[in-house]
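Note sheet for the following structure.
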Amino acid sequence: MIYASATKGTFALHAATITAASKSKLFDDYVKELEFSKPEILKAMKNMTPKIPLDASRWEGEMYEIAKTFETLNLTPKLHEGAADIMKLAQKTPISKENRQTYNEYRDSVLSILSWFKRRTNDCRRYCRSSIRRLRKR
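Our numbering applies: residue 107 is where the sequence shown begins, and numbers increase by one.
Following this line, the structure appears as structure tokens:
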């Protein structure tokens, strides 16, 4: 669980950051900065972020489990609750209908996901607010 909190949590952070950069019209600048200062992060983003929808239905639940574990350790669960929100959103992308065998890794998946996330940002905000309300009731 600790391993998944770092790996899958990071994947969700990458997806959220790419989306925010795109929505802010800073995507190209962000990529250029990563190319210069953190090429290993850019490589990891390009490798894994487009594939998130393939596993997001499983990973959403894992993120909630990790959040609960962190909370029992007196650490904030919010990071992984947010990661669960990203996984829920990723399940609505067209790529989520694919699997590892049918996934086309040669298309520009990052841009496909980005364009979908752009259209869904308002849905995500509503979902995140309702998730927060639901979690506060627990």
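All C-beta atoms in this analysis are idealised placements derived from N, C-alpha and C, irrespective of residue type, glycine included.
- In this structure, A121 sits near A196, with a CB-CB distance shorter than 8 Å.
- Each of I192, A127 and T125 was checked against the Cα of D161, and the nearest Cα belongs to I192.
- Judged by beta-carbon spacing, I201 lies within the 8 Å limit of P159, meaning their Cβ atoms are closer than that value.
- Assigned with DSSP and collapsed to three states, P183 falls in coil, not helix or strand.
- The three-state reading of DSSP puts R164 in helix, counting H, G and I together.
- Here E139 carries a helix assignment [DSSP, helix/strand/coil].
- Separation of S163 and E139 (C-alpha to C-alpha, rounded to the nearest whole angstrom) is 32 Å.
- Annotation for N205: L160 place their beta carbon closer than 8 Å to its own, counting only its chain and skipping 5 residues before and after.
- If you draw a straight line from the Cα of L179 to the Cα of I108, it comes to about 12 Å.
- In the DSSP assignment, S128 falls within the alpha helix (DSSP H) that extends over I108 to K129.
- CA-to-CA, the gap between S143 and D134 works out to about 14 Å.
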